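Participant: Please find one structure pasted underneath; my questions will follow.
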Amino acid sequence: MGKRFLSLWFRHLTTDYMTIRRPELHHIPFVMAVPDHGRKIITAVNAAGRKEGIDAGMVVADSRVLYPTLEVVDEQPGLAGKLIKALALWAIRFSPVTAVDPPDGLLLETTGCDHLWGGEEAYLTAILGRLEAKGYHIRAGMADTIGAAWAVARFGQGNNILPSGQQRSALLELPPAALRIAPDTVDRLHKLGLVTIGPVAGFPRRALRRRLGPELLLRLDQAFGIEEEVLTPVQPVEPYLERLPCLEPIGTAAGIGIALERLLERLCTHLRDDGKGLRESVFKAFRVDGKIMETRIGTNRGSNHVAHLFRLFEEKIRNFEPDFGIELFTLDAPKVEEVTPLQKTLWTGACGTDDPRLAELADRICNKLGPGLIHRYLPAEHYWPERSYSEAGTFEAKPASPWPTDRPRPIHLLPRPERIDVAAPIPDYPPMLFRYQNRLHTIVHADGPERIEQEWWIEGAQHRDYYTVEDETGARYWLFRSGHYTGNHAHQWYLHGFFG
Amino acid sequence: MHINGIYMDSLASYTELQVTSNFSFLRGASHPDELVEQAAAHGHSAIALTDRNTLAGIVRAHAAAKKTGIRFIPGCRLDLLDGPSLLALPTDKDAYSRLSALLTTGNLRAEKGECHLYRADVYAHAKGIIFVVVPADRLNQLFDYDDGFYAAAREYRDAFGDSCYLAACRYYRGDDAKHLYRLSALAGETQLPLVATNDIHYHHPDRRELQDVLTCIREKCTIAEAGFRLHPNAERYMKPITEMRRLFRQYPNAIVRAQEISEACRFTLDSLKYIYPEEITSEGRTPMEELIHLVRAGARQLFGENIPARIETNIRHELDFIGQMNYPAYFLTVYDVVRYARQQGILCQGRGSAANSTVCYCLGITSVDPTKFDLLFERFLSAARNEPPDIDVDFEHERREEVMQYVYNKYGRDRAAIVATVTQVHQKGAIRDVGKAMGLSLDTVDRLAKSIWRHDEVLNDARILEQGLDGYDPHLLKVLDLTRQYIGFPRQLGQHTGGFVITKGKLTDLCPIINARMEDRTNIEWNKDDIDVLGFLKIDVLALGMLTCIRKAFDLASRHYGVHWTLANIPQDDPAVYAMVSTADTIGVFQIESRAQQSMLPRLRPSCFYDLVIEVAIVRPGPIQGDMVHPYLRRRNGEEPVSFPSKELEDILGRTLGVPLFQEQAMKIAIVAAGFTPSEADELRRSMATFKAQGQVTKFKRKLIDGMTRNGYSAEYAERVFKQIEGFGSYGFPESHAVSFALLVYISAWIKCYYPDVFVCALLNSLPMGFYQPAQLVIDARRHGVGFHPVDVNHSQWDSTLEAREGKYFTVRLGFRQVDGIKEEDMLLLIAGRTQAYDTVQALQDSGLSAACLEKLADADAFRSLGLDRRQALWEVSSLADRPIGLFRGTDSESKFEKGIDLPAMALSEHVVQDYASTSLSLKAHPVQFMRERLRNLGVISASEMMSRRNGDFVKVAGLVLVRQRPGTSKGVVFITLEDESGQFNLIVWASVFEEYRKEILGAKMLMVQGHLQIEKEVVHVIVQRCHNMNRLLVAEAPERGAEPVVRVAAKTMLEAKQASLFPEARNFK
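In order, the protein sequence lines correspond to chains Z and D. Numbered by my numbering, the letters in the first sequence go through residues 710 to 1209 in order. Numbered by my numbering, the letters in the second sequence go through residues -4 to 1065 in order.
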């Protein structure tokens, strides 16, 4: 028995997808659009939109002329590609050989699959039923060749199952565009009056090759089944999961340790091969009595360093109770990130946050004492002091701009400025003395004011005039006055930080 | 004592020397006039303007300073590529000229919009200029300036000597004291005096937010990302004197220095004198003598030795006036350009306030015979307004560049340059920029921009709500508020369409010159209004497509008919021409070919030259908005007595039967009836044109209406006059321009009337131009008895040509330029290779044409003389890639032996559709003809049948859509022109019907409508009630299912190819 193929055509792939996500779009005309040279070009239109005369390829502005309240959804680049890939992976349940057919189709080799559903009819119904229930509009075609399946899916009436060996006669009636050939060639065939495949197939092959190139003949042969065509199936992505079944249940801590080390070695080799490092890992032990014990670790930067990871787990597996024994161990890395492999000799030379040992130390401290103890700050480009720094999430994060050096900032900035009482000449001269926590400080030196306005797009309030002052003991403080003395605004003095 | 005296005096006053306006694009956040007004309000004694490497804003500041009575110091900030910036303040006229020359040097060596200057350039131009060194606004980690700055400051001191100062500024960054300390130490060491400035970026602290947004637009980031690129505080505003004194209380001398510099800079723009070039006179004559000499010579040529008495009086009168106003040099300058054009055989025609004079007629600047209308010269040139004369000269659009280059070459690029246009930020641009900077999503920005319909509309909160945006969202309100402030800001310096300034001395003595975006063009930094303020004269060298067409027609007429016509010798007042025009037979005629004009012509029935002048001016927004058209028509047809609102208006309105139609008339009414001064009237018109001055318009409106009602006019009449002026604002159309245009109307109509073959041929060769597509021009010419031959590889030239004479006229051979997608140089190859007729496709390829090019020719069905239709030709052409080459060259191609290939024959209707797709016209048949049978079954009548029906009849008609229009003056009414095989006809669609059938009307290529006929004096319209999209008829010709896509593709191509031109007003529908 020969091969059989199924071609699925998602007629409104992206708009169907949007409608699934935003059901309110179902009955209103909407389009997907991408920017192009300062205009927005429509890439897809839903059924309601087409009814208003709007077509893909139009400029959004022009289509708004036709339908002023047209809804426009920005299409993320590559959306169709991502969708079709995901659908192909999903369709593996119907056939192991599933391929994407850009821009909006799937190809399945169904040889030997359909009988599991009770024949092609039922098989197709099952697939279409599932996809339509999701909300997709589909046309399908089944035939002996990829080309014929593709053609009847798009140019046939309804859903077509071509009986084996009938592809030739079915294709003759269809227009040349059904041959998957370049639009130029289709155009030229039309200009020559060749509006169905029938006469084209009847022409001398040499005459066709001379005028229209080899592609046309190849596509004809593929569709008719004269030339073989193969699919490149999508593969499911392999997750980072390692399993270690045990012949005899393991009952000792040493045994658990050995299992962990084995699994780590395998997982890390796998990770290294892919240029990845793990940020999170889960270690599970399946006990004979059905109980599952698990523990997880996290790292501050991607790691595939077996010894380090082992140390992180080591603490935690101490309280694993083997009881009657453990029959299966798994090690999973749900969160990984790209790492650049470091040469071993360089490890010793790196310093600061580039030194992996620092990160490993931090990992150990956090794993022992709990997260949230170690903070790392980076400069943020804001004049407003409370917003002038941000907490870094990773060890890799580099400052986007250098720490400003032209304006001294206190080494200890209070999280909330504290009210103080001052005696100061107006309007904007530094204070002469201030009272903080019931102690009076006499100011002997002062610099300022540094006037910092509110970032008006974030919040609107009074500006601050900052002064760096030194009291009689030589201690330095950062004080500010909120608002002007003049005008109707109230003003108040605060202490905001201590210099070292 | 003396020093003390200055000291006390200077402390009482202050001059800000470092001022950045919005002419430092995307840096300054206030207009120059706002800054000047603020300085005056604070009692500053003077103000300087120091924009970055430009003097573009100084004229505006100068004008504002004159108004407020404060002294203005022109200057600029020099941003150097190799050193700290300098404020440059010229002390006298020569120093100013040197500064201008310095900027010119920097401009011309850089791309447009940039200025590359080095220290050495500044040293070479330094004499008489006071320089202020601008230190960096940040100190390094050692709380000091970098060594480079100290070195540069010493070098500047050595180069500029006593004319060099050091700017000190209170930035409020916390280290002001350190700054001032370092600077004063430097001042002590180098003897560079410290001068106080406040580095102004806006006139009021409230503008800080806008200034932040401008920074974001400049840096292409959002406000959240802008970080340290913004200023930390709002201190860069114009401060009162007392505050400046307080800030510099420890360095009071710095304030004194500012005043000292201010006193030294006594140069004012008023002292710039415009002097005409000298080259315009000959044989040692004075300009006046030269003008008299030329006018006399011209008059003799035109009228012979016996000059008619009336002409003689006019010439004397005008020359006296010109002499008295001292304008002879201006006329001579214009004459010089016109003379060159005439020598080169380039057609030209002057227009504008002074162009329609007898003097200009004698000089050949205009070809309008001054006896054709009876106007006093002063009507155009008002001595009271003391405004320079204004002559615009139109040249053939294809050859205007020659004239411009002549001007550059004759006077040199240092003496002649084009005036700038200061492009302002419009609503849409403003909201886009501000929205993006404020971090709104692109989608929201789009919606906001959409909510603005027309550029003259104020932002409307209701519209914003309509777009589904939250009108109470504070962030959105902030965006709108900032947008309102930003609108009207200068954005860039563009090139005026053709206004030249030519001077006797170096132009750079007056104003810096910059490179224009176009190659070989240079322009100055000032625009038309700036030039006006300073009293410089400019002449406009403009381009007009119709002149190209007329010249081509003259050339064809002389080659084929042996007659030599010029703009001046076409027979005038020919009744046959007026008869033709009166029946609206005006397709292709200049200005009066549009649908609106065509429906006006039979009502107006022009019968003399002045009627054409009125015709040109009446279908304009001014008269229409002022509701002046119908009163005029009624009076003209004797349905209403001619009366005047008052005696004084009789003089103004006599020629137009008491109805104001021209811009001049409306302005005069404002002066005479509402008591405006002439300059106020002009300001009124200008304020209408600029959308920024909303408040002013209301002020003027009240003044006009109050003034007129006080003088006894009805409020309703006053309202109409105001509306009319409002309409003129955007499309000013004065009588003086209408007169010049009317001449071209008459001449093009005359050619169409007597030589329709020549006319259509010239029109086809001048496209794109005017209102109609080639198909309509050809159909119209055929109706007048002109024969056509299709494009053919063996007969066509690039242009359309005239072939043998058949009957009354020559037959037109369509040119290759008609074929879509073909390049002229390819066709020149083809023509060069055509030593004998091509008999095979291969021979054509041998002439050097690519297969792609031949395929385009096949698409155009241009192989008929080879016995091939387009399909057969394509079959041949497509095999060319496989020709025997090398050793086998010359042997028969394999095509000869191919057998059994029968391409399907093409139906005529298919050919027609393909003709449209390739050449946008078909000589074979009209597309609607093929569907007539089916249309008849639907009860549709043809255009010719419709003409025999009566007013009010209910009809069903159908045709190809030629034009859809929704003019701004029509209150939502849509006008559509359809065409079937028997003719064109017009539809009127009321706004409500349009809303109902929007999809059909906008989507249909082929439209069927039902409605009532409205016939008014030969003007036939269908008032549409129902619409149907009949596009399917364009494709229904092919019966089988498979064939459908062919025609659909073709129809689509046709639609696309023509969409741009068929849909010219598409924007109106938004």
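Don't be surprised by glycine CBs; every beta carbon is placed ideally from N, CA and C. The structure displayed is predicted, hence computed values, not measured ones.
Output needed for alanine 843 (chain D): all residues of its chain with C-beta closer than 6 Å, excluding positions within five of it in sequence on either side, in chain order.
Facilitator: Locating residue 843 (chain D) in the second sequence gives position 848, counting from the first residue. Alanine is not the amino acid found at residue 843 (chain D); the sequence shown has glycine there. Result list for glycine 843 (chain D): Leu824, in chain order.
Participant: Classify glutamine 866 (chain Z) as helix, strand or coil using the three-state DSSP reduction.
Facilitator: Stepping through the first sequence from its first residue, residue 866 (chain Z) is reached at position 157. In the structure shown, glutamine 866 (chain Z) sits in coil (DSSP, three-state: anything other than H, G, I, E or B).
Participant: Just to check my reading of the structure: arginine 47 (chain D) and aspartate 74 (chain D) have Cβ atoms closer than 8 Å, yes? What is that Cβ distance to the nearest angstrom?
Facilitator: One-based indexing of the second sequence puts residue 47 (chain D) at position 52. One-based indexing of the second sequence puts residue 74 (chain D) at position 79. Between aspartate 74 (chain D) and arginine 47 (chain D) the Cβ distance is about 5 Å, and since that is below 8 Å, they are a contact.
Participant: Are tyrosine 1175 (chain Z) and glutamate 1164 (chain Z) touching if we call contact CB-CB under 8 Å?
Facilitator: Taking the first residue of the first sequence as 1, we reach residue 1175 (chain Z) at position 466. Taking the first residue of the first sequence as 1, we reach residue 1164 (chain Z) at position 455. Not a contact, by the Cβ cut-off of 8 Å.
Participant: Classify asparagine 321 (chain D): buried if its beta carbon has 16 or more other beta carbons within 10 angstroms, exposed otherwise.
Facilitator: Stepping through the second sequence from its first residue, residue 321 (chain D) is reached at position 326. Counting Cβ neighbours within 10 Å, asparagine 321 (chain D) comes out exposed, since fewer than 16 surround it.
Participant: How should glutamine 979 (chain D) be labelled, buried or exposed, when 16 other C-beta atoms within 10 angstroms of its C-beta is the threshold for buried?
Facilitator: Locating residue 979 (chain D) in the second sequence gives position 984, where the first residue counts as 1. Around the Cβ of glutamine 979 (chain D), a 10 Å sphere holds 16 or more other Cβ atoms; the residue is buried.
Participant: Under 7 Å Cβ to Cβ from glycine 1169 (chain Z), same chain only, skipping five residues before and after it: list those, please.
Facilitator: For the purposes of this step, residue 1169 (chain Z) is identified with residue 460 of the first sequence, where counting begins at 1. For glycine 1169 (chain Z), where only same-chain residues beyond five positions count, the Cβ hits under 7 Å are Gln1163.
Participant: For valine 127 (chain D) versus tyrosine 176 (chain D), is the C-beta distance shorter than 8 Å?
Facilitator: As a position in the second sequence, residue 127 (chain D) is number 132, starting the count at 1. As a position in the second sequence, residue 176 (chain D) is number 181, starting the count at 1. The Cβ atoms of valine 127 (chain D) and tyrosine 176 (chain D) do not sit closer than 8 Å to each other.
Participant: With distance defined between alpha-carbon atoms, name the residue in Z:Asp1115, Z:Ala842, Z:Ala862, Z:Val1178 nearest to tyrosine 1092 (chain Z).
Facilitator: For the purposes of this step, residue 1092 (chain Z) is identified with residue 383 of the first sequence, where counting begins at 1. When only C-alpha atoms are compared, the closest one is Z:Asp1115.
Participant: Pull up the distance between the alpha-carbon of valine 769 (chain Z) and that of valine 429 (chain D), whole angstroms please.
Facilitator: In the first sequence, residue 769 (chain Z) corresponds to position 60, counting from 1. In the second sequence, residue 429 (chain D) corresponds to position 434, counting from 1. If I take the Cα positions, the gap works out to 22 Å.
Participant: Of all Cβ atoms in chain D, is any one closer than 8 Å to the Cβ of serine 1099 (chain Z)?
Facilitator: Along the first sequence, one-based indexing puts residue 1099 (chain Z) at 390. Cβ-Cβ to chain D under 8 Å: no for serine 1099 (chain Z).
Participant: Mapping the DSSP letters down to three states, classify leucine 112 (chain D) as helix, strand or coil.
Facilitator: Translated into the one-based positions of the second sequence, residue 112 (chain D) becomes position 117. Reduced to three states, the DSSP call for leucine 112 (chain D) is coil.
Participant: Any chance the segment 1124 to 1137 of chain Z sits against the segment 178 to 197 of chain D, with 3 or more Cβ pairs inside 8 Å?
Facilitator: no
Participant: Check the Cβ-Cβ distances between valine 1041 (chain D) and every residue of chain Z, and say whether any is below 8 Å.
Facilitator: Within the second sequence, the letter at position 1046 stands for residue 1041 (chain D). With a pLDDT of 34 at valine 1041 (chain D), under the threshold of 50, the modelled position of that residue is not reliable, and the figure given next carries that caveat. Yes, valine 1041 (chain D) counts as interfacial toward chain Z.
Participant: Would serine 873 (chain D) count as contacting chain Z if we go by Cβ distances under 8 Å?
Facilitator: Position 878 of the second sequence, counted from the start, is the residue given in the question as residue 873 (chain D). For serine 873 (chain D), the answer is yes, since a Cβ of chain Z falls inside 8 Å of its Cβ.
Participant: Report the residue from D:Arg240, D:Thr651, D:Leu532 whose alpha carbon sits nearest the alpha carbon of valine 329 (chain D).
Facilitator: Taking the second sequence and counting its residues from 1, one reaches residue 329 (chain D) at position 334. If we check each option's Cα against that of valine 329 (chain D), D:Leu532 comes out closest.
Participant: Evaluate lysine 843 (chain Z) with the Cβ neighbour count: other Cβ atoms within 10 Å of its Cβ, from every protein chain shown; 16 or more gives buried, anything less gives exposed.
Facilitator: Counting from 1 along the first sequence, the entry for residue 843 (chain Z) is found at position 134. With fewer than 16 other Cβ atoms inside 10 Å of its own Cβ, lysine 843 (chain Z) counts as exposed.
Participant: Could you pull out every unbroken alpha helix (DSSP H) segment of at least 4 residues lying fully inside the segment 607 to 650 of chain D, listed in chain order?
Facilitator: 616 to 620, 624 to 631, 642 to 648
Participant: Starting from the beta carbon of lysine 994 (chain D), find every residue of chain Z whose beta carbon is closer than 8 Å, and list them in chain order.
Facilitator: Position 999 of the second sequence, counting from 1, holds the residue named residue 994 (chain D). Within 8 Å Cβ-Cβ: Glu761, Gly762, Leu775, Tyr776.
Participant: I'd like the ranges of any alpha helix (DSSP H) spanning at least 4 consecutive residues and lying wholly in the segment 506 to 534 of chain D.
Facilitator: Unbroken alpha helix (DSSP H) runs of no fewer than 4 residues, entirely contained in the segment 506 to 534 of chain D, are found at 523 to 529, following chain order.
Participant: Taking a cut of 9 Å between CB atoms, which residues from the segment 132 to 157 of chain D lie near chain Z?
Facilitator: Arg133, Leu134, Asn135, Gln136, Phe138
Participant: Is it true that the segment 1095 to 1110 of chain Z meets the segment 1018 to 1030 of chain Z, where meeting means three or more beta-carbon pairs spaced less than 8 Å apart?
Facilitator: no
Participant: What does cysteine 848 (chain D) pair with, by DSSP beta-bridge criteria?
Facilitator: Looking up residue 848 (chain D) in the second sequence gives position 853. Paired residue(s): none; cysteine 848 (chain D) is not in a bridge.
Participant: Enumerated in chain order, which unbroken segments of the alpha helix (DSSP H) with a length of 4 residues or greater are wholly contained in the segment 931 to 966 of chain D?
Facilitator: 938 to 942
Participant: Can you check whether the C-beta of glutamate 1168 (chain Z) is within less than 8 Å of a C-beta belonging to chain D?
Facilitator: Reading the first sequence from its first residue, position 459 is the one you call residue 1168 (chain Z). Cβ-Cβ to chain D under 8 Å: no for glutamate 1168 (chain Z).
Participant: Please classify phenylalanine 1064 (chain D): does DSSP put it in a helix, a strand, or coil?
Facilitator: On the second sequence, residue 1064 (chain D) is found 1069 positions in, with the first residue counted as 1. Note on phenylalanine 1064 (chain D): pLDDT 34, under 50, position unreliable in the model; the coordinate value appears next. In the structure shown, phenylalanine 1064 (chain D) sits in a helix (DSSP, three-state: H, G or I).
Participant: Examine chain D for any beta-carbon lying closer than 8 Å to the beta-carbon of glycine 1183 (chain Z), and answer yes or no.
Facilitator: Locating residue 1183 (chain Z) in the first sequence gives position 474, where the first residue counts as 1. Interface annotation, glycine 1183 (chain Z): not in contact with chain D, CB-CB separation never under 8 Å.
Participant: For valine 781 (chain D) and cysteine 748 (chain D), I'd like the C-alpha separation in whole angstroms.
Facilitator: As a working note, residue 781 (chain D) is residue 786 in the second sequence. As a working note, residue 748 (chain D) is residue 753 in the second sequence. Answer to the nearest angstrom: the Cα atoms are 12 Å apart.
Participant: Please go through the same chain and pick out, in chain order, the residues whose beta-carbon is closer than 6 Å to the beta-carbon of tyrosine 992 (chain D), but skip the five residues on each side of it.
Facilitator: Against the second sequence, residue 992 (chain D) aligns to sequence position 997. Answer for tyrosine 992 (chain D): Cys1022, listed in chain order.
Participant: Using a beta-carbon distance below 8 Å, is glutamate 1159 (chain Z) in contact with chain D?
Facilitator: The residue you call residue 1159 (chain Z) lines up with position 450 of the first sequence. Yes, because at least one Cβ of chain D sits closer than 8 Å to the Cβ of glutamate 1159 (chain Z).
Participant: Strictly under 8 Å for the Cβ-Cβ distance: is aspartate 1227 (chain Z) near chain D by that measure?
Facilitator: Within the shown structure, residues of chain Z are numbered from 710 to 1209, placing residue 1227 (chain Z) beyond reach of any answer.
Participant: Between the segment 852 to 873 of chain Z and chain D, which residues of the former have CB atoms less than 9 Å from a CB of the latter, in chain order?
Facilitator: none
Participant: Taking a cut of 9 Å between CB atoms, which residues from the segment 167 to 195 of chain D lie near chain Z?
Facilitator: Tyr167, Arg168, Gly169, Asp170, Asp171, Ala172, Lys173
Participant: Would the beta-carbon of alanine 56 (chain D) fall within 8 Å of that of proline 27 (chain D)?
Facilitator: Position 61 of the second sequence, counted from the start, is the residue given in the question as residue 56 (chain D). Position 32 of the second sequence, counted from the start, is the residue given in the question as residue 27 (chain D). A contact, by the Cβ cut-off of 8 Å.
Participant: Given threonine 1151 (chain Z), which residues of its chain have a CB within under 7 Å of its CB, disregarding the five upstream and five downstream residues?
Facilitator: Indexing the first sequence from 1 puts residue 1151 (chain Z) at position 442. Hits under 7 Å: Leu1142, Asp1180, Glu1181.
Participant: Roughly how far, in whole angstroms, is the beta-carbon of arginine 808 (chain D) from the beta-carbon of glutamate 798 (chain D), given that I think they are within contact range, below 8 Å?
Facilitator: One-based indexing of the second sequence puts residue 808 (chain D) at position 813. One-based indexing of the second sequence puts residue 798 (chain D) at position 803. Rounded, the Cβ-Cβ distance is 5 Å, consistent with contact.
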